[in-house]
């Protein structure tokens, strides 16, 4: 049973562990140090726990997945901290399906999964937190499996039946204050960014239907290292989330180089940066997010991040790999754009050289 202790409850969000086999020990070092310092009452994994597409999982898949999950859950389980989770697109990439992955998670003490959307969508669920007496549910956490890519390469939006389930679950819960978590952000994350000319300092280019548009993050808090990779279709999820005023914020991962919180129409939209070292990430700013709830003021939660640099554990074991991941493009679209830019520059330089020769 999850309940407030002395009027307080602390949640740790861990996003994008995205580990393959063998696990990078630096990922475990970061999780271990963050847990030791913050001592949360609950850990929430918000998807892409494993790098399901990795070639390392093409043989002995189940046993390797089990070994990887065991390594990053052990720091949580050995401290007796409850944990819950939802899935991301890369968990879904693995031939060891999500049901089998949940069976592995369920073998650990502290595994906490609430009432699910359906047997086919068990990682869309909610868990409630009781008051200090353990008698009343006074806060809810809604976790949504945000699915994967469509055949055309675009990210799928959350499905209609998932949103219908969410609406019913909130009604049954009496619209108590809540936070929502999922892996992939909703399109409204662009509404807390600022569209700017391409030459603006720090501007980042978007892709898909927003290609050739450039964006910055207003304000000082947090950091912004890649444009949101959102579904092309806006299914109205944001409007549903804000509808009753019970959900205080939606927090996501997916885009590893982003970490910020901005308010939009009465609801917070928050990114948590990536945690894992076997994928691209924001170097010493890899980290986790903490939420502090107060039983006497449930609607005024506090949140902040704890990073590898702040914890003093950013000493990459695989320095060459870390250099590559720190500087690597974040998507295939970015690679294509960079190649085109290099080609354009090359053509321009060649033309200038020819003109200079003609003038001589």
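In my numbering, the protein residues as written are 8 to 367. Note that CB positions come from ideal geometry on N, CA and C, so glycine has one too.
Proximity to residue i [Cα-Cα], best of the options
i, options, result
"residue 286", "27, 246 and 19", "27"
"residue 275", "263, 96 and 258", "258"
"residue 371", "142, 140, 148 and 126", "A query on residue 371 cannot be resolved here, the shown segment of the chain reaching from 8 to 367 and no further."
"residue 291", "177, 318 and 307", "318"
"residue 240", "284, 200 and 163", "163"
"residue 270", "181, 224, 208 and 115", "224"
"residue 307", "22, 314, 235 and 146", "146"
"residue 24", "93, 12, 11 and 68", "93"
"residue 150", "139, 170, 138 and 31", "170"
"residue 119", "104, 109 and 321", "109"
"residue 436", "45, 46, 75 and 44", "Shown here, the chain extends from 8 to 367; a query on residue 436 therefore has no answer."
"residue 87", "192, 47 and 231", "47"
"residue 97", "310, 302, 32 and 262", "262"
"residue 226", "233, 199 and 213", "199"
Where residue i sits in the DSSP three-state scheme
i, result
"residue 73", "helix"
"residue 14", "coil"
"residue 213", "coil"
"residue 201", "strand"
"residue 192", "coil"
"residue 145", "strand"
"residue 122", "strand"
"residue 177", "helix"
"residue 236", "coil"
"residue 187", "strand"
"residue 286", "coil"
"residue 82", "helix"
"residue 261", "coil"
"residue 299", "strand"
"residue 26", "strand"
"residue 327", "helix"
"residue 20", "strand"
"residue 321", "coil"
Supposed close pair residue i, residue j - CB separation, criterion 8 Å
i, j, result
"residue 188", "residue 51", "6 Å"
"residue 95", "residue 190", "4 Å"
"residue 9", "residue 49", "6 Å"
"residue 102", "residue 68", "5 Å"
"residue 18", "residue 282", "With a Cβ gap of about 15 Å, residue 18 and residue 282 do not count as contacting."
Sub-8 Å separation of residue i and residue j beta-carbons
i, j, result
"residue 16", "residue 300", "yes"
"residue 194", "residue 255", "no"
"residue 7", "residue 112", "The structure shown has nothing for residue 7, since the chain only spans 8 to 367."
"residue 182", "residue 253", "yes"
"residue 168", "residue 152", "no"
"residue 72", "residue 60", "no"
"residue 161", "residue 238", "yes"
For the region 292-307 against the region 30-42, do three or more pairs of beta-carbon atoms, one drawn from each stretch, fall closer than 8 Å, so that the two count as touching?
yes
The region 233-245 / the region 262-278 touching (three or more Cβ pairs under 8 Å)
yes
Give a yes or no on contact between the region 201-210 and the region 218-236, applying the rule of three or more CB pairs nearer than 8 Å.
yes
Inspect the CB distances between the region 329-338 and the region 42-58 and report whether three or more fall short of 8 Å.
no
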